[in-house]
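Going by the UniProt record's numbering, the first residue of the sequence shown is number 1, and it counts up by one from there. Below is one structure; the comments refer to it alone.
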Amino acid sequence: MAIIVRLDVMLALRKMKSKDLASRIGVTEQNLSLLKSGKVRGVRFETLAAICRELDCQPGDLLEFVADDL
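Next up, the structure:
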């Protein structure tokens, strides 16, 4: 099972740079980059809510569950 992070897609749709989003939500560009790449083990609901607020989206627009093939 895997969770796919679609933050890069939402940023492109909103024509926003990672740098701008990071500044608006109060995280470092490096931490946002780690989230975009899926290299984090978790994300705070507060951070997720801030991203959704700034990108005018829902958490489901940013995260996708993909089941393992058996």
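Backbone N, C-alpha and C fix where the C-beta goes; we use that ideal spot for every residue, glycine too.
Between L55 and V5, the CB-CB gap reaches or exceeds 8 Å. The continuous stretches of beta strand (DSSP E) do not include V40, and DSSP gives it neither H nor E.
The C-alpha of A67 is placed about 26 Å away from the C-alpha of A12. Non-local beta-carbon contacts of K19 in its own chain, meaning distances under 8 Å to residues more than five positions away in sequence, involve E29 in chain order. Boundaries for A22: no beta strand (DSSP E) harbours it, while the alpha helix (DSSP H) harbouring it runs 18–25, taken from the DSSP string.
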